[in-house]
Amino acid sequence: MKTRLSKQAAVRPFANDRVDVRAQGKASAARRLRRKSWPLRHAALLSVMAVVVLLAVIRLRVADVPLERDEGEYAYSGQLILQGIPPYQLAYNMKFPGTYYAYSVILAVFGQTPYGIHAGLLLVNAATVVMLFFLARRLLADWMGAAVSAVAFGVLSVDRWIMGTFAHATHFVVLAAIAGFLVLFCAQDSKKPVVFAAAGALLGLSVLMKQNGIFFLGIGIVAAAWTEVWSAPRNFRAASLRAGLVAGGAAVPFTILCGVFFVRGVFGKFWFWTFQYAKEYVSRISLSQAWNLFALGITTVTRANKLLWLVAAAGVVMLWIVRWSRRTRILLTVFLITSIVSVCPGFYFREHYFILLVPAAGLFCGVAVVSIHRLLKQIIPGTAARAVAAGVFAVAVGVYVANEWEYLFSMPPNELSRARYGSNPFVEAPEIARYIQAHTDREERIAVLGSEPEIYFYANRKSATGYIYTYALMEQQKYSPRMQDEMIDQVTAAHPKYVIFVTVPTSWLPQNPKEKILTWSEAYINQCYSMVGAAEILSENQVRWLWDAEIAGYKPQSPYAVYTFKRKSDAPCAVTG
Numbered sequence: 004m005k006t007r008l009s010k011q012a013a014v015r016p017f018a019n020d021r022v023d024v025r026a027q028g029k030a031s032a033a034r035r036l037r038r039k040s041w042p043l044r045h046a047a048l049l050s051v052m053a054v055v056v057l058l059a060v061i062r063l064r065v066a067d068v069p070l071e072r073d074e075g076e077y078a079y080s081g082q083l084i085l086q087g088i089p090p091y092q093l094a095y096n097m098k099f100p101g102t103y104y105a106y107s108v109i110l111a112v113f114g115q116t117p118y119g120i121h122a123g124l125l126l127v128n129a130a131t132v133v134m135l136f137f138l139a140r141r142l143l144a145d146w147m148g149a150a151v152s153a154v155a156f157g158v159l160s161v162d163r164w165i166m167g168t169f170a171h172a173t174h175f176v177v178l179a180a181i182a183g184f185l186v187l188f189c190a191q192d193s194k195k196p197v198v199f200a201a202a203g204a205l206l207g208l209s210v211l212m213k214q215n216g217i218f219f220l221g222i223g224i225v226a227a228a229w230t231e232v233w234s235a236p237r238n239f240r241a242a243s244l245r246a247g248l249v250a251g252g253a254a255v256p257f258t259i260l261c262g263v264f265f266v267r268g269v270f271g272k273f274w275f276w277t278f279q280y281a282k283e284y285v286s287r288i289s290l291s292q293a294w295n296l297f298a299l300g301i302t303t304v305t306r307a308n309k310l311l312w313l314v315a316a317a318g319v320v321m322l323w324i325v326r327w328s329r330r331t332r333i334l335l336t337v338f339l340i341t342s343i344v345s346v347c348p349g350f351y352f353r354e355h356y357f358i359l360l361v362p363a364a365g366l367f368c369g370v371a372v373v374s375i376h377r378l379l380k381q382i383i384p385g386t387a388a389r390a391v392a393a394g395v396f397a398v399a400v401g402v403y404v405a406n407e408w409e410y411l412f413s414m415p416p417n418e419l420s421r422a423r424y425g426s427n428p429f430v431e432a433p434e435i436a437r438y439i440q441a442h443t444d445r446e447e448r449i450a451v452l453g454s455e456p457e458i459y460f461y462a463n464r465k466s467a468t469g470y471i472y473t474y475a476l477m478e479q480q481k482y483s484p485r486m487q488d489e490m491i492d493q494v495t496a497a498h499p500k501y502v503i504f505v506t507v508p509t510s511w512l513p514q515n516p517k518e519k520i521l522t523w524s525e526a527y528i529n530q531c532y533s534m535v536g537a538a539e540i541l542s543e544n545q546v547r548w549l550w551d552a553e554i555a556g557y558k559p560q561s562p563y564a565v566y567t568f569k570r571k572s573d574a575p576c577a578v579t580g
């Protein structure tokens, strides 16, 4: 043995030296690469930070925009949480309650105003932009591509036609999902079980924000196992363990929530609305109707920024025709498919649902720009190729800014609400709530007949009924008759001092004008209440206001109105529908 080792040493006397030289060469090359990428890395970071600041200025300028009804639901529920009242006790809805709790935090920190809510949304959006930047850096392995991805997301998510300036639940789903994926990458690096569980908890929170997040959780579980399954040799045991850790982490927030609701006595309502009724809700739209609704939704959300969406679409194609790693192709394609599917439940395709698709659109904008750079640098110098590729994206952003200049930099908040939501009574709601607040005590309840929960929030008064929306009562589904009877019983039992009746069609979406709740509402108001206020929306720029003595001799001029009624007597008053 000693002789053999001596011979090997004689044959390769400088083998270790050559290994050291190669190692030193690789280290030196890595240092040169880092020095070379230093300006690009910092330029990318500075670009993203500059865009975050600009988006903050845009969002703060219109932060006083009146709440729309979904925001009103979240704000009212968040307000109740701060008062110690759990979700589903005084406000019913089919959504999971994560966004309610997120709103309660925002209200506690920034104040119970539209400005405070939209300031909170600003931070949610900014955090998502930054996290998407780092996620894109991991996926694309390119600083310019990462910056483009983040900027594209920021621009697309502030667009008014996708309802980007309104604090919908989808913003919170995206925040938690992107955070979960970023932590999942860290878990793959560290291989620590607790980090996999943390990634699962974040993805589980995305589901609690709104059920659509379940699709992101699904690919998170698959991605956790993917590395071990595709590695050589395959380790199915480790793959199963990692997938289980992510799934277990995701189950923790949901389990805690169910336990809290059980203790607080609202688990039955929670289960009915978020599972039993939700099943009915997502079964209403047929496949034949789905295409028309999708076409309407996608046409609206791309109304002002078609070029940016086209850049993203080009990225989808270029991912497969330009040189990209197999890993990147698979991960990005699966993420895109998942994002598309997350928009589809129920086939409603409402504009704010497409916010769930925006991170994928941003990433594929990054793919497009990097792909253009890779193609061009074969025929022109690398710096010029990079400038041209970035210029293509800059033109798309510039066209959007030019198209939406008024909205971005000068449109007043109330005008934004009118431009986006037409004759919905969101601009009128604060004034109506101020009247209610001035004429009621803190503990008195009010009833809004219609789907305007923002009035409850503005007035800071509890609802006489849990039906803060009347849409479910108008739907052709098996629970509708029971819901109508329950709402009638709740309002009659409370006999609130004030009732607000909304005649704007979009607050009801009636399919049958002779529905029991509609005929009962008219009879109940006529018999038990007197009109004390009217807000008639005559046009987008003209509202006719009448209060108290001004109501004498009033004759309606518009079907778009919100009426305020005061009860005639404290004595119980009941009518049959």
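Residues 4 to 580 (my numbering) make up the sequence shown, in order. Beta carbons: idealized from backbone N, C-alpha and C, even for Gly.
- Could you check the C-alpha separation between residue 229 and residue 372 for me, to the nearest Å? Counted from its first residue, the sequence shown places residue 229 at position 226. Counted from its first residue, the sequence shown places residue 372 at position 369. A straight line joining the alpha-carbon of residue 229 with that of residue 372 spans about 28 Å.
Check each candidate in 260, 276, 92 and 356 and name the one with the smallest Cα separation from residue 297. Within the sequence shown, the letter at position 294 stands for residue 297. The residue with the shortest Cα to Cα distance from residue 297 is 356.
### Message
Taking 8 Å as the cut-off, does the stretch 299 to 319 touch the stretch 361 to 370 (at least 3 CB pairs, one atom from each stretch)?
### Response
yes
Exercise for the section: Within the same chain, show all residues whose beta-carbon is closer than 8 Å to that of residue 571, passing over the 5 residues directly before and after it, in chain order. Expected result: Your numbering for residue 571 matches position 568 in the sequence shown. Hits under 8 Å: 531, 532 and 533.
With 16 other Cβ atoms within 10 Å as the buried cut-off, status of residue 87: Your numbering for residue 87 matches position 84 in the sequence shown. With fewer than 16 other Cβ atoms within 10 Å, it is exposed.
Can you tell me whether DSSP reads residue 550 as helix, strand or coil?
Here the question's residue 550 lines up with position 547 in the sequence shown. In this structure, residue 550 counts as strand in the three-state DSSP scheme.
Just to confirm, is the Cβ distance from residue 134 to residue 185 under 8 Å?
Walking along the sequence shown from the start, residue 134 turns up at place 131. Walking along the sequence shown from the start, residue 185 turns up at place 182. In this structure, the beta-carbon distance from residue 134 to residue 185 falls below 8 Å.
#### Entry: Whole-angstrom distance between residue 82 and residue 480, CA atom to CA atom
Translated into the one-based positions of the sequence shown, residue 480 becomes position 477. Translated into the one-based positions of the sequence shown, residue 82 becomes position 79. Spanning the two alpha carbons is a distance of roughly 30 Å.
Next item on the list: From the DSSP output, in three-state form, read off residue 536 for me.
Entry: As a working mapping, residue 536 is identified with position 533 in the sequence shown. In this structure, DSSP gives residue 536 an extended state, which the three-state scheme calls strand.
Can you list, in chain order, the residues of its chain whose CB lies under 7 Å from that of residue 474, leaving out five sequence neighbours each side? Numbered from 1 along the sequence shown, position 471 holds the residue referred to as residue 474. Only 454 and 512 meet the Cβ criterion.
Using three-state DSSP, classify residue 93 as helix, strand or coil. Here residue 93 is taken as the residue at index 90 of the sequence shown, counted from 1. Correct three-state label for residue 93: coil.
Out of 78, 168, 130 and 496, point me to the one whose CA is closest to residue 422's CA. Counted from its first residue, the sequence shown places residue 422 at position 419. The shortest Cα separation from residue 422 among 78, 168, 130 and 496 belongs to 168.
Per DSSP, the bridge partner or partners of residue 545: Here residue 545 corresponds to residue number 542 of the sequence shown, with the count starting at 1. DSSP output for residue 545 lists 542 as bridge partner(s).
Would the beta-carbon of residue 108 fall within 8 Å of that of residue 175? The residue you call residue 108 lines up with position 105 of the sequence shown. The residue you call residue 175 lines up with position 172 of the sequence shown. It is not a contact, given that the beta carbons lie outside the stated cut-off.
Considering only C-alpha positions, which residue in the set 351, 508 and 274 is nearest to residue 97? Taking the first residue of the sequence shown as 1, we reach residue 97 at position 94. When each option's Cα is compared against that of residue 97, the closest is 274.
Could you check whether residue 449 and residue 432 sit closer than 8 Å to each other, using their CB atoms as the reference points? Position 429 of the sequence shown, counting from 1, holds the residue named residue 432. Position 446 of the sequence shown, counting from 1, holds the residue named residue 449. Against a cut-off of 8 Å, the Cβ pair of residue 449 and residue 432 comes out as no contact.
request  = Determine the closest residue to residue 47 out of 343, 268, 153 and 429, with distance taken between C-alpha atoms.
outcome  = Your numbering for residue 47 matches position 44 in the sequence shown. It is 153.
*asked:* Tell me the DSSP secondary structure of residue 569 in three-state form.
replied: Here residue 569 refers to the residue found at position 566 when the sequence shown is read from its first residue. Strand, per DSSP.
query = If you follow the alpha helix (DSSP H) that residue 273 is part of, which residue opens it and which one closes it?
reply = Along the sequence shown, one-based indexing puts residue 273 at 270. Taken as a continuous stretch (DSSP letters only), the alpha helix (DSSP H) holding residue 273 covers 270 to 274.
Exercise for the section: Could you tell me whether the stretch 436 to 443 touches the stretch 497 to 517, using the rule of 3 or more Cβ pairs below 8 Å? Expected result: yes
Q.
How far does the beta strand (DSSP E) with residue 460 in it extend, from its first residue to its last?
A. In the sequence shown, the residue the question calls residue 460 occupies position 457. Not the beta strand (DSSP E): residue 460 falls in the alpha helix (DSSP H), residues 457 to 462.
*Which whole runs of the alpha helix (DSSP H) in the stretch 45 to 115 are 4 residues long or more, in chain order?*
Within the stretch 45 to 115, complete alpha helix (DSSP H) segments of at least 4 residues are found at 72 to 85 and 101 to 113, given in chain order.
- Task: Take every Cβ of the stretch 291 to 311, pair it with every Cβ of the stretch 216 to 232, and state whether three or more of those distances are shorter than 8 Å.
- Result: Flag = no, the stretch 291 to 311 and the stretch 216 to 232 do not touch.
Any heavy atom of the ligand ZN within a distance shorter than 7 Å of the CB on residue 413? Absent from the structure shown: the ligand ZN. Ligands present: none.
Using CA coordinates, which residue listed in 272, 150, 136 and 332 is at the minimum distance from residue 93? Translated into positions along the sequence shown, residue 93 becomes position 90. Ranking 272, 150, 136 and 332 by Cα distance to residue 93 puts 272 first.
message = Suppose contacts are defined by Cβ-Cβ distances below 8 Å. Is residue 212 in contact with residue 53 by that definition?
response = Reading the sequence shown from its first residue, position 209 is the one you call residue 212. Reading the sequence shown from its first residue, position 50 is the one you call residue 53. Contact flag unset, no.
Using only the alpha-carbon positions, how far apart do residue 120 and residue 393 sit?
Residue 120 sits at position 117 when you count from the first residue of the sequence shown. Residue 393 sits at position 390 when you count from the first residue of the sequence shown. Computed Cα separation, rounded: 34 Å.
* Note down the Cα distance separating residue 576 from residue 465, rounded to an integer number of angstroms. => One-based indexing of the sequence shown puts residue 576 at position 573. One-based indexing of the sequence shown puts residue 465 at position 462. If you take the alpha carbons of residue 576 and residue 465, they lie about 20 Å apart.
- Inter-residue spacing [alpha-carbon to alpha-carbon] between residue 139 and residue 149: In the sequence shown, counting from the first residue as 1, residue 139 sits at position 136. In the sequence shown, counting from the first residue as 1, residue 149 sits at position 146. Taking the straight line from one Cα to the other gives about 5 Å.
- prompt: Where do the N-terminal and C-terminal ends of the alpha helix (DSSP H) with residue 527 fall, by residue?
  reply: Residue numbering aside, residue 527 sits at position 524 when the sequence shown is read from its first letter. Where residue 527 is concerned, the enclosing alpha helix (DSSP H) stretches over 519 to 531.
Handout entry: Contact check, residue 214 vs residue 99, beta carbons under 8 Å
Key = What you label residue 214 is simply residue 211 of the sequence shown in a count that begins at 1. What you label residue 99 is simply residue 96 of the sequence shown in a count that begins at 1. Yes. Within cutoff.
Give a yes or no on whether the minimum CB-CB distance between residue 129 and chain B is below 8 Å.
Among the protein chains of the structure shown there is no chain B, as only one such chain exists.
Report task. Can you give me the Cβ contacts of residue 146 inside the same chain, cut-off strictly under 6 Å, excluding the 5 residues immediately before and after it? Result -> On the sequence shown, position 143 is the one that residue 146 refers to. The answer, listed in chain order, is 43, 44 and 47.
Can you tell me which of 469, 307 and 434 puts its alpha carbon nearest to the alpha carbon of residue 90?
Position 87 of the sequence shown holds residue 90. With respect to the C-alpha of residue 90, the residue from 469, 307 and 434 having the closest C-alpha is 469.
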